[in-house]
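Numbering (full-length UniProt numbering), first residue to last: 1 to 340.
C-beta atoms are modelled at their ideal positions from N, C-alpha and C, and glycine is treated no differently.
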Ligand code: SAM
Ligand code: SF4
Ligand code: FES
């Protein structure tokens, strides 16, 4: 197993079967995570990039089986922020010292191209990098956002197992998701994708394919998190809890894509009290603290046990800085693009 880890750390290439062996192995996990940490340090240094996350609407027209925001979930109080409220949160994020704001939502058609471009243009005046994570759009919409000033887009493929994808995302098409990622890339975005780990019916072979897919499309950012079952969804009784497997998928991703940005995801910490710091020491170099205010944090309920739902943006900013310094890392003052 050590030979595979060393090969990955040196060449950043692995065959599918080698990835599968690493994912199945339980004995050499510390060595795998340590190798990912070394590669992270070599390519990205000790700086951690903070991205202020604004969850601007929990309304969604899609019906993904795993997600609490799915349209058939009647057990959730819906909200959406007005454009000027979103811009105000971005201003506060800038005041907290965040160099990037991430605008995330369900697929909510209230935000027409004109509304989105207004929001993006206004936030761009604050001199921050802008990441959007608002789902599938057509090429003209992605182009308009880019021209308005968006820099990056996050759209997880969720799983590269097409059959599983179509089972879990009824009414959506795997081919269209790929089209979105290709459009984003060709428009010059920094493109983020990623997957959930521990989905019902997901195999380690398909997780290996996910990692190879990230490499094949030359993703700039990869978000990996455990699937966490939500009682208000059809997958409420599913197993979940794949913290360690998520860490391994993330670590192998770092070995194979050494210079990309990898967040220590909120879902990691929702399963483990120190999950984000463990992730930062296993290949990750980004954290996305929440800057959503008040009740909306709780209402953006993808899964149960989500961290920080009763905390304020100011508290999260101080908390995360302390944790990052406690593991001997420092908060970056730069925008944190992949190549800079
Ligand atoms: N609607 C946009 C989209 O789907 O790309 C962005 C928001 S969506 C809530 C962000 C991510 O949340 C999804 O890509 C998915 O991976 C993750 N997610 C949803 N439900 C989850 C669950 N039960 N456990 C873990 N992650 C989940
Ligand atoms: Fe909507 Fe995204 Fe949740 Fe799917 S994952 S239901 S698209 S918010
Ligand atoms: Fe929100 Fe620690 S990051 S309380």
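- The region 220-285 is shown to contain whole beta strand (DSSP E) runs of 3 or more residues at 221-226, in chain order.
- Burial state of residue 261 is buried, judged by a 10 Å Cβ sphere holding 16 or more other Cβ atoms.
- Judged by the Cβ position, residue 241 fails to qualify as a neighbour of ligand 2 at the 7 angstroms threshold, every heavy atom of the ligand being at least this far.
- Rounded to whole angstroms, residue 95 and residue 303 show a C-alpha spacing of 29 angstroms.
- Non-local C-beta neighbours of residue 239 in its own chain, meaning closer than 8 angstroms and more than five positions away in sequence, comprise 198, 200, 229, ordered along the chain.
- Annotation for residue 153: the continuous beta strand (DSSP E) segment containing it runs 152-154.
- Per DSSP, the unbroken alpha helix (DSSP H) holding residue 315 starts and ends at 313-326.
- Here residue 206 is near residue 161, since their CB atoms are less than 8 angstroms apart.
- By the neighbour-count criterion, in which 16 or more other beta carbons inside 10 Å mark a residue as buried, residue 263 falls on the buried side.
- Bridge pairing for residue 104: 55, 133 [DSSP].
- For residue 193, there is no enclosing alpha helix (DSSP H); the enclosing beta strand (DSSP E) covers residues 190-197.
- Of all C-beta pairs linking the region 246-254 to the region 287-303, fewer than three are shorter than 8 angstroms, placing the two stretches out of contact.
- Taking 8 angstroms as the cut-off, the beta carbon of residue 37 is found closer than this to the beta carbon of residue 282.
- Comparing C-alpha distances from residue 287 to each of 87, 176, 320, 253 shows the shortest one belongs to 320.
- The C-alpha of residue 112 lies about 29 angstroms from the C-alpha of residue 232.
- Residue 80 carries a strand assignment under DSSP once its states are collapsed to helix, strand and coil.
- Inclusion of residue 32 and residue 5 in the CB contact set at 8 angstroms is warranted, their separation being smaller than that value.
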